[in-house]
Structure formats: C-alpha cells, structure tokens
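Here is the structure we will look at, set down as structure tokens.
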Amino acid sequence: MEICVRIWKYWAKRRCNKCRLIGGVQFYMIVSNFILYGIMYIGTFAAYLLFEN
421 MEICVRIWKY
431 WAKRRCNKCR
441 LIGGVQFYMI
451 VSNFILYGIM
461 YIGTFAAYLL
471 FEN
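Note that the numbering used here numbers the sequence shown so that position 9 is 429, with each residue one more than the last.
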C-alpha cells in the first residue's frame with residue numbers, strides 16, 4: 421500500500437488540478453473496489469471454513 425501511495429503522489433504531482441480531481445475519483449473507485457472484493461473474498465473463505473467444519 422505504501423508503494424501505491426508513493427506512485428499516486430508522484431503521478432498526481434505531474435497532472436493539472438482537473439486531471440488530479442478525475443484521477444482522484446478513479447483512484448478512490450479502484451481502492452473501494454479492492455476493499456469490496458477483499459471483504460467478499462474473506463467472507464466467502466470464512467463461510468467455506470465454517471461449513472467445512
């Protein structure tokens with residue numbers, strides 16, 4: 421995650437304000453999707469473990 425933040429800051433510095441805003445929205449959507457998929461994956465894995473035992 422630290423590397424992602426570093427790349428993001430570097431990328432944001434090179435863009436204009438409008439581009440940065442659009443990029444920020446896209447970045448937020450990507451992060452929220454990762455979190456959502458992570459929760460779904462962990463939930464599925466936990467359910468699998470519960471039903472197996």
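For glycine and all other residues, C-beta sits at the position ideal for the given N, C-alpha and C.
Asked: G443 versus I427, L456 and Y457, residue with shortest Cα-Cα distance; Found: I427
Asked: Between the CA atoms of L441 and E472 - distance to the nearest angstrom; Found: 46 Å
Asked: For N453 and T464, the rounded distance between their alpha carbons; Found: 16 Å
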